[in-house]
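Down below is the structure, laid out as structure tokens.
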Amino acid sequence: MNPKIRQNLFPVLAAFIWGTAFVAQSVSSDYIPPFTFNLLRSLVAAVVLGGGLAVYRRLLKAKRPQAVKPLARSSRDLLLGGLCCGTALGIAANLQQAGMAETSAGKAGFITALYIVLVPVLGLFLHKKAPATVWVGVALAVAGLYFLCVNEALTLSRSDLLVMLCAFVFAGHILLVDHFTRTVDGVALSALQFVVAAVLSGLGAALWEAPTWEGIRQCVWPILYVGIISSGVGYTLQILAQKDANPTVVSLLLSLESVFSVLAGAVILHDRLSGRELLGCGLMFLAVVLTQLPQRAPKVAQRQ
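Position in the sequence shown counted from 1, then plus 37, gives you the numbering used here.
Pasting the structure below:
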């Protein structure tokens with residue numbers, strides 16, 4: 038596939054999947070606590086991705102043995118990548134799910150999109166420059182988040198704060214993926230990160246939660262959707278998209294999940310946002326569009 042198509046199509050597909058998954062997460066938060074939910078979704082994702090990768094490599098080896106490539110430059114790279122990415126993912130997912138218990142699917146989607154601001158800022162410390170339009174987009178996104186999250190009394194709810202904290206960790210996750218995809222197989226990295234996320238979520242569930250089988254039974258379909266489609270497919274699309282791509286641009290495309298989450302919440306859960314919150318959503322969407330405008334080539338390059 039053409040790299041440009043992959044770098045633009047895959048993040049948008051992932052954003053659509055994640056945006057609709059906010060509905061499943063919102064429904065599940067009524068029945069099971071966050072650590073239990075993320076334990077189950079991560080286990081499903083790890084089994085699907087790990088099993089799928091093993092079957093694919095076995096079939097490929099039977100037909101074209103020479104086409105089977107190592108999963109990583111070294112096993113250390115793969116293990117370290119899975120540990121780092123999985124830790125970030127586990128923390129972020131549990132913060133997000135805890136916040137989902139008290140906020141709407143659409144609002145949570147837009148607050149999570151705060152990572153579009155954080156990725157270019159953190160990228161500066163890693164010597165990753167972003168064009169001027171990206172920074173204008175960042176400013177619009179900050180304004181949008183203000184209207185979306187801060188009410189007239191200038192207060193921030195606990196649930197909004199938890200989801201906002203998850204955005205900080207998701208920004209780190211995007212930069213970690215950008216680093217490790219250079220040396221490891223994307224699907225293998227995705228599978229391993231969910232194993233780590235499952236372990237972290239399992240520890241949290243064992244220490245602080247007491248889920249019921251009835252609650253889990255009520256959430257079977259949401260868990261399967263989030264585990265297979267959102268986690269298994271969505272995060273793998275993210276990893277494949279970030280291969281040889283600017284992480285800031287990918288993060289901005291991924292932030293379209295906020296738009297899809299509002300649409301899905303309105304259609305399926307009948308969520309409604311206030312005029313102030315809709316203004317915030319509009320500003321954030323404008324930020325995403327602005328950062329996708331083609332960049333003008335330098336004049337020297339044009340003359341050449």
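We put the CB at the ideal spot given by N, CA and C, even for glycine.
The alpha helix (DSSP H) enclosing residue i, as first and last residue numbers
{"i": "Lys144", "result": "Ala142 to Thr149"}
{"i": "Asn350", "result": "Outside the modelled stretch of the chain, which goes from 38 to 341, sits residue 350, for which no answer is possible."}
{"i": "Asp114", "result": "Ser112 to Met137"}
{"i": "Lys100", "result": "Pro71 to Lys100"}
{"i": "Tyr152", "result": "Tyr152 to Phe162"}
{"i": "Leu289", "result": "Pro284 to Leu291"}
{"i": "Ser298", "result": "Glu294 to Ala301"}
Beta-carbon separation (whole angstroms), residue i vs residue j, contact threshold 8 Å
{"i": "Ala142", "j": "Phe59", "result": "4 Å"}
{"i": "Leu316", "j": "Phe184", "result": "5 Å"}
{"i": "Cys122", "j": "Val263", "result": "That pair is no contact at about 18 Å."}
{"i": "Ile128", "j": "Val206", "result": "5 Å"}
{"i": "Val221", "j": "Leu90", "result": "No, Val221 and Leu90 are not in contact; Cβ-Cβ is about 12 Å, not under 8 Å."}
{"i": "Cys318", "j": "Leu310", "result": "7 Å"}
{"i": "Pro48", "j": "Leu290", "result": "4 Å"}
{"i": "Glu314", "j": "Lys144", "result": "7 Å"}
{"i": "Asn75", "j": "Ala130", "result": "5 Å"}
Cβ pair residue i, residue j closer than 9 Å
{"i": "Ala278", "j": "Val287", "result": "yes"}
{"i": "Leu182", "j": "Leu151", "result": "yes"}
{"i": "Leu385", "j": "Ala204", "result": "Here the chain has residues from 38 to 341 only, and residue 385 is not among them."}
{"i": "Ala135", "j": "Ser196", "result": "yes"}
{"i": "Gln44", "j": "Ala235", "result": "no"}
{"i": "Val175", "j": "Ile153", "result": "yes"}
{"i": "Ala347", "j": "Thr285", "result": "The question about residue 347 has no answer here: the residues shown for the chain are numbered 38 through 341."}
{"i": "Leu115", "j": "Leu202", "result": "no"}
{"i": "Ser63", "j": "Met137", "result": "yes"}
{"i": "Ile266", "j": "Thr218", "result": "no"}
{"i": "Val173", "j": "Pro157", "result": "no"}
{"i": "Ser227", "j": "Leu46", "result": "no"}
{"i": "Leu177", "j": "Met321", "result": "yes"}
{"i": "Tyr68", "j": "Gly252", "result": "yes"}
Check your understanding: Would the stretch 48–68 and the stretch 284–302 be scored as touching if the rule is three or more Cβ pairs under 8 Å?
Key -> yes
Check your understanding: Below 8 Å, can you find three or more Cβ-Cβ pairs linking the stretch 39–53 to the stretch 206–220?
Key -> no
Exercise for review: Report yes or no: do the stretch 97–117 and the stretch 251–266 share at least 3 C-beta pairs separated by less than 8 Å?
Suggested key: no
Practice item. Just list the beta strand (DSSP E) runs in the stretch 205–275, keeping only unbroken ones of 3 residues or longer that don't cross its boundaries, in chain order. Key: none
Point to revise | Contact the stretch 230–243 vs the stretch 76–87: 3+ CB pairs below 8 Å | key: yes
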